[in-house]
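Structure first, then comments.
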Amino acid sequence: MPDTGATVKATRRGKPRENLAGWGFIAPFGILFILFMLVPVLWGIYLSFTNQSLTGAGGELIGFSNYAEALADPDMWRSMLNTVWFTVLSTVPLVVIALALALLVNTGLPGQWLWRLSFFMPYLLASTVVSLIWVWLYNPQLGLFNTVLGWFGVDPITWLQDPDLAMLSVVITTVWWTIGFNFLLYLAALQNIPDSQYEAASLDGAGRWRSLFSITIPQLGSTTVMVVILQLLASLKVFDQIYQMTGGGPAGTTRSAIQYIFETGFTGFRFGYSSAISYIFFVLIIVVSVIQFRITARRSA
Amino acid sequence: MSTMTQHLTVPAGGRSAASIAPAKRRKLGPAGISALVVLIVLAAAWLLPFFWAIVTSLKSETDAASATLWPAHGFTFDAYAKVLAEGNVPIWAWNSLFTSALITAITVLTSALAAYAFSRMRFRGQKWAYIVAIAAIAVPPQVLIVPLFYEMLAMNFVDTYWGLILPQAVQPIIVLILKQFFDQIPIELEEAARVDGASRLRVFTSIVMPLSRPILAAASIFVFVWAWNNFLWPFIIINDPQLMTLPVGLQTVKSAYGIQYAQNMAMAILAALPLIIVFLFFQRQIIKGIATTGFGGQ
Chain Z
169 MPDTGATVKA TRRGKPRENL AGWGFIAPFG ILFILFMLVP VLWGIYLSFT NQSLTGAGGE
229 LIGFSNYAEA LADPDMWRSM LNTVWFTVLS TVPLVVIALA LALLVNTGLP GQWLWRLSFF
289 MPYLLASTVV SLIWVWLYNP QLGLFNTVLG WFGVDPITWL QDPDLAMLSV VITTVWWTIG
349 FNFLLYLAAL QNIPDSQYEA ASLDGAGRWR SLFSITIPQL GSTTVMVVIL QLLASLKVFD
409 QIYQMTGGGP AGTTRSAIQY IFETGFTGFR FGYSSAISYI FFVLIIVVSV IQFRITARRS
469 A
Chain S
14 MSTMTQHLTV PAGGRSAASI APAKRRKLGP AGISALVVLI VLAAAWLLPF FWAIVTSLKS
74 ETDAASATLW PAHGFTFDAY AKVLAEGNVP IWAWNSLFTS ALITAITVLT SALAAYAFSR
134 MRFRGQKWAY IVAIAAIAVP PQVLIVPLFY EMLAMNFVDT YWGLILPQAV QPIIVLILKQ
194 FFDQIPIELE EAARVDGASR LRVFTSIVMP LSRPILAAAS IFVFVWAWNN FLWPFIIIND
254 PQLMTLPVGL QTVKSAYGIQ YAQNMAMAIL AALPLIIVFL FFQRQIIKGI ATTGFGGQ
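Sequence lines, in order, name chains Z and S. Mind the numbering: the first sequence is residues 169 to 469 in the numbering used here, read in order. Mind the numbering: the second sequence is residues 14 to 311 in the numbering used here, read in order.
Following this line, the structure appears as structure tokens:
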């Protein structure tokens, strides 16, 4: 936007019609934006300093006491840690397996549409459908997993009811459900690598593995950065599938930050407190993003 | 923020169009055959949950309650018939279709207008308006649920289509993506029309929009899938079973169906079917759209 020149400024000031038209174009989006984005952001900040309840009671300003209470609330910390743990557990396989699948599919094997369909289709399912199917798969007595394990004499596993296994089970479901998106991003990136590079490498006597590590993986650098950033942000916002599969249990081991925000607000009726936790969670997301950008910036510098 | 923007635009700009061309066929060597075997196993693993759900939905309830891979008493459509006859599934499907289509139309249309203004027009306050709109991309919608619900209470939008649709029709990221596409359209195409006296709106509707069809399609598909599958907001704002979308409706009856596994699975299959059919028809466009826009939510 080279709009710093004096002439541009002069025309800008001298053209009220263009000002009017510009704002006219922005207005439909702008009105929705102000009503449903800006107002709630600001209202939420205000609410977080009040003792507002869902029932309309309260509403007095109480300073920072919601924040003080939240920071001393073990359940809040637990839900944040669960969220971070879910993010750590899910991000690695969702990036690595997606890359592996894309590399396999991109080797030019027949049946491209079938591979894409198999790995991408789960991404189109609603969280409710995914949790319906997977709770059934995980069913201790009738589920497919325990049935198959039973053939090998393995005792039934209580996938979603075991505090040590519940989060891992949810992560497995999430990998199945959402990997198609990362897979597609990698597939698109792979097909943008010029063939000439591989031809040159094979003339120099480089084998498949050599080409993979010297050409393919480095060329995918910017895609990997993007996939990791998007995955971290998506994983931090986890709620739907966990809420539907375990309800946050057993014993709170899978309760996510967003579930805690939801519960304090809509079942605990504490809007002010819930808003304060929302903003603490928002700060967590910003911190993760900043760390991520730092690491990325250093690597590409 | 700028770092993120750059990364987001990598697939959209330059090398762009990330056409998922069918990869070149080579002769299958031993490496190729082993890769094919690995792929077949993995694809089977990925499809297995679907297969299991379909088989279960076609069992009688007695068969469904025993852990067999194949129904002992043959296949039946009973579960589907029951779900369609008793449940609200058809109403929920209609609500999902209607609200997702409207959310998509409002989002893409208002975003395109705004993106055009940000890309092509020069006016007072433009820079600040753009910064505010783009900064909002960083705000996770989930953080807004409490104040947004409170606002809906004040506006009397709880348990209405308005409350369901309007808050979901604001997607600043779509503005960003469309603006970046508009930035790449050669300005000469518009200048001729402007010199001939065409208004901004006319240039927008008869030159810019037709040129942007691929990116508008990609954005539409993306917003539609996202709206169709969204759970948290519809779950919060709607209590009336007649106004529920599929994901929320299914969540509420899941426990009501309790141990009727075949009916549960029939519901899951019915709810998944529309998007899977859409995907089968528009596979190429959907994949291209997602690959070119290069971002997404869950």
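Note that the Cβ used here is the ideal one computed from N, Cα and C, for glycine as well.
*asked:* For Q220/Z, count the other beta carbons within 10 Å of its own beta carbon; 16 or more makes it buried, fewer makes it exposed. Which is it?
replied: buried
*Beta-carbon of G302/S versus every beta-carbon of chain Z: anything under 7 angstroms?*
no
*Per-residue contacts from A189/Z into chain S (C-beta, under 9 angstroms)*: A130, M134, F136, S212, R213 and L214
*Does any C-beta atom of chain S lie closer than 7 angstroms to the C-beta of F437/Z?*
no
*Determine the chain B residues that contact T123/S at a beta-carbon separation under 8 angstroms, and present them in chain order.*
In the displayed structure, chain B is absent; the protein chains listed are Z and S.
*Return the chain-ordered ranges of every alpha helix (DSSP H) run that is complete within the region 194-257 of chain Z and spans a minimum of 4 residues.*
207-215 and 233-239, all fully within the region 194-257 of chain Z.
*Rounded straight-line distance, which links the Cα of K140/S to that of L336/Z*: 46 angstroms
*Could you give the DSSP three-state label for R284/Z: helix, strand or coil?*
helix
*Among F170/S, T258/S and K301/S, which has the Cα closest to the Cα of T112/S?*
T258/S
_Under 9 angstroms, CB to CB, which of the residues in the region 57-72 of chain S have a partner in chain Z?_
A57, A58, W59, L60, L61, P62, F63, W65, A66 and T69
*asked:* Taking its Cβ as the centre, do 16 or more other Cβ atoms sit within 10 Å of T391/Z, making it buried, or is it exposed?
replied: buried
_CB contact flag (I234/S, L189/S, <7 angstroms)_ = The Cβ-Cβ distance between I234/S and L189/S does not fall below 7 angstroms.
*Straight-line CA distance for F461/Z to Q399/Z?*
14 angstroms
*Quick one: which chain S residues come within Cβ less than 8 angstroms of W281/Z?*
Neighbours of W281/Z on chain S, chain order: Q296.
_Run through the DSSP bridge pairs and tell me what R438/Z is partnered with._
S221/Z
*Measuring CB to CB, does P290/Z end up less than 7 angstroms from W344/Z?*
yes
*Where does L310/Z sit, in a helix, a strand or coil, going by DSSP?*
coil
_Whether or not the region 188-199 of chain Z and the region 110-128 of chain S are in contact is what I'm after, with contact meaning three or more pairs of Cβ atoms, one per stretch, closer than 8 angstroms; do they touch?_
yes
*Using a Cβ-Cβ cut-off of less than 9 angstroms, give me the residues of the region 180-201 of chain S that come near chain Z, in sequence order.*
P180, Q181, A182, V183, P185 and V188
*With contact counted as at least three CB pairs below 8 angstroms, one residue from each stretch, are the region 60-70 of chain S and the region 293-304 of chain Z in contact?*
yes
*Should A205/S be labelled buried (16 or more other beta-carbon atoms within 10 Å of its own) or exposed?*
With fewer than 16 other Cβ atoms within 10 Å, it is exposed.
_Residue burial classification, Y441/Z (beta-carbon count within 10 angstroms, cutoff 16)_ = buried
*Got a sec? Which residues, its chain only, sit under 8 angstroms from L283/S by beta carbon, not counting five neighbours each side?*
Excluding residues within five positions, the ones whose Cβ falls inside 8 angstroms are Y93, V96, L97, V102 and A106.
*asked:* Tell me the DSSP secondary structure of A78/S in three-state form.
replied: coil
*Going by beta carbon distance, what residues of the same chain come within less than 6 angstroms of Y131/Z, once the five residues before and after it are set aside?*
Given a span of 169 to 469 for chain Z in the structure shown, any question on residue 131/Z remains unanswerable.
_Residues of the region 372-400 of chain Z whose Cβ lies closer than 8 angstroms to any Cβ of chain S, in chain order_ = R376, S390, T391, V393, M394, I397 and L398
*State yes or no: is the beta carbon of E164/S nearer than 7 angstroms to at least one beta carbon in chain Z?*
yes
*Between E203/S and P227/S, what straight-line distance do the alpha-carbon atoms span, to the nearest angstrom?*
19 angstroms
*asked:* Which residue marks the beginning of the alpha helix (DSSP H) containing P84/S, and which one marks its end?
replied: Unbroken run through P84/S: none, as it is neither H nor E.
*Name the two residues that bound the continuous alpha helix (DSSP H) containing S109/S.*
Per DSSP, S109/S belongs to the alpha helix (DSSP H) from V102 to R133.
*Helix, strand or coil at T421/Z according to DSSP, with G and I counted as helix*: Correct three-state label for T421/Z: coil.
*List the residues of chain S whose Cβ lies closer than 7 angstroms to the Cβ of T275/Z, in chain order.*
G45 and A48
*asked:* Taking only three categories from DSSP, how would you classify S219/S?
replied: helix
*CB-CB under 8 angstroms to R215/S, same chain, minus the five flanking residues each way: which ones, in chain order?*
A206
*asked:* Need the endpoints of the alpha helix (DSSP H) that Y291/Z sits in, please.
replied: Premise fails: Y291/Z is in no alpha helix (DSSP H) and is neither H nor E.
_Meets three-Cβ-pair contact criterion under 8 angstroms: the region 423-443 of chain Z and the region 149-160 of chain S_ = yes
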